[in-house]
Amino acid sequence: MSTVGVRDLRQNASEILRDVEAGRSATVTVAGRPVAQIVPIRAEQWTTWDRVSRVFDSPSDPRWDAERREFAAGDLADPWSR
0 MSTVGVRDLR QNASEILRDV EAGRSATVTV AGRPVAQIVP IRAEQWTTWD RVSRVFDSPS
60 DPRWDAERRE FAAGDLADPW SR
C-alpha cells in the first residue's frame, strides 16, 4: 500500500488511479495524517443457481416460523383491497 499526499493526488490522479486499478491500494494523507484509502473495487462474483437454491432448500429457523404464525394469527388487513 502506498501513501500519497493530497497535493500529489491532485497532480497525479490518473497515474495513482491506474495503480489502484492494477490492484494496489493507496492511503491519502493531509499534512502527514492519513485521511482516506483508495482501494480497488472487487469484481462482482456471480454464483450458480444451484448454490443460491440451497439457501431456499435449507430449513428455516424455528423461531422465525413461530413468529410468522403468531403474526399471521392477528387481524391482517390488505390496504389495497376494497
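Residue numbers (numbering that gives the first Met the number 0): 0 to 81.
Ideal Cβ positions, reconstructed from N, Cα and C, are used throughout, including at glycine.
task = Please name the residue or residues paired with ASP2 in a DSSP beta bridge.
result = Just to set this straight, residue 2 is Thr in the shown sequence, not Asp. Under DSSP, THR2 takes part in a beta bridge, and its partners are THR26.
ask   = Looking at C-alpha atoms only, which residue of VAL3, SER13, ALA12 and GLU20 is the closest neighbour of ALA42?
value = The shortest C-alpha to C-alpha distance from ALA42 to any of VAL3, SER13, ALA12 and GLU20 is the one to GLU20.
task = Check ARG41 in the structure and name its three-state DSSP category.
result = DSSP places ARG41 in the coil class of the three-state scheme, outside both helix and strand.
ask   = Nearest-angstrom Cα distance between ASP49 and ASP56?
value = Take the alpha-carbon of ASP49 and the one of ASP56: they are about 10 Å apart.
query = With contact counted as at least three CB pairs below 8 Å, one residue from each stretch, are the segment 3-15 and the segment 24-41 in contact?
reply = By the Cβ rule, the segment 3-15 counts as touching the segment 24-41, because three or more pairs are nearer than 8 Å.
task = Give me the Cα-Cα distance between SER52 and ASP64, rounded to the nearest whole angstrom.
result = One C-alpha to the other measures close to 19 Å.
message = Applying the 10 Å Cβ sphere with the 16-neighbour rule, what's the burial state of ILE40?
response = When all chains shown are included, ILE40 counts as exposed.
Close Cβ partners of PRO33 (< 8 Å) along its chain, the five nearest in sequence each way excluded = Excluding sequence neighbours, PRO33 sits near THR2, THR26 and VAL27.
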